[in-house]
Amino acid sequence: GPTVKPSVSLLHPSSLQLFEGPASLLCLLFAYSPQGVMVSWTVDGSVVNEGVLTSPEEQKKDGYTRSSTLTLSKALLEKGEEFVSTVSHDSVNHLIKFRKSQCED
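What follows is the structure, encoded as structure tokens:
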């Protein structure tokens with residue numbers, strides 16, 4: 007069938023969580039095809055493997071779905087500024103960025 011790129015949404019922590027922890031970022035992928043989406047996380051350009059939990063892919067009527075959660079340690083929260091979720095699908099990368107300063111207004 008045709009390649010359908012994933013719809014992606016990134017849910018980020020509230021200001022309160024950012025300051026009090028623990029905070030997590032959730033990347034939701036849905037309605038894509040074929041299966042085989044990979045998600046990786048970077049904080050300020052460094053790949054983070056610790057605290058990452060990616061669900062198995064599930065087949066739905068309108069394609070596949072998958073989610074990935076990055077739970078941030080206090081240290082990462084304090085020093086990190088730019089958090090990026092990289093979604094790889096069918097050899098195309100989609101980058102979704104969240105900057106901590108967006109929360110501090």
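Going by the numbering used here, the final residue of the sequence shown carries number 111, and the count climbs one at a time with no gaps. C-beta: ideal position from N, C-alpha, C; glycine also.
Margin query: Considering only their Cβ atoms, is the gap separating residue 88 from residue 50 smaller than 8 angstroms?
Written below: yes
Item checked: Length of the line joining the Cα atoms of residue 105 and residue 66 -> 32 angstroms
Next item on the list: Would you mind giving the Cβ-Cβ distance between residue 9 and residue 96, rounded to the nearest angstrom? I have them listed as a contact below 8 angstroms.
Entry: 5 angstroms
Next item on the list: Specify, as a first and last residue, the run of the alpha helix (DSSP H) that residue 21 falls within.
Entry: 21 to 26
Next item on the list: On a CA-only basis, which of 56, 13, 32 is nearest residue 38? Give me that one, please.
Entry: 13
Item checked: Unbroken alpha helix (DSSP H) run spanning residue 80, endpoints -> 80 to 85
Notebook entry, point to check: What did DSSP end up calling residue 97 once you bin it into helix, strand or coil?
Noted result: coil
Check: Cβ of residue 93 within 8 angstroms of Cβ of residue 35?
Finding: yes
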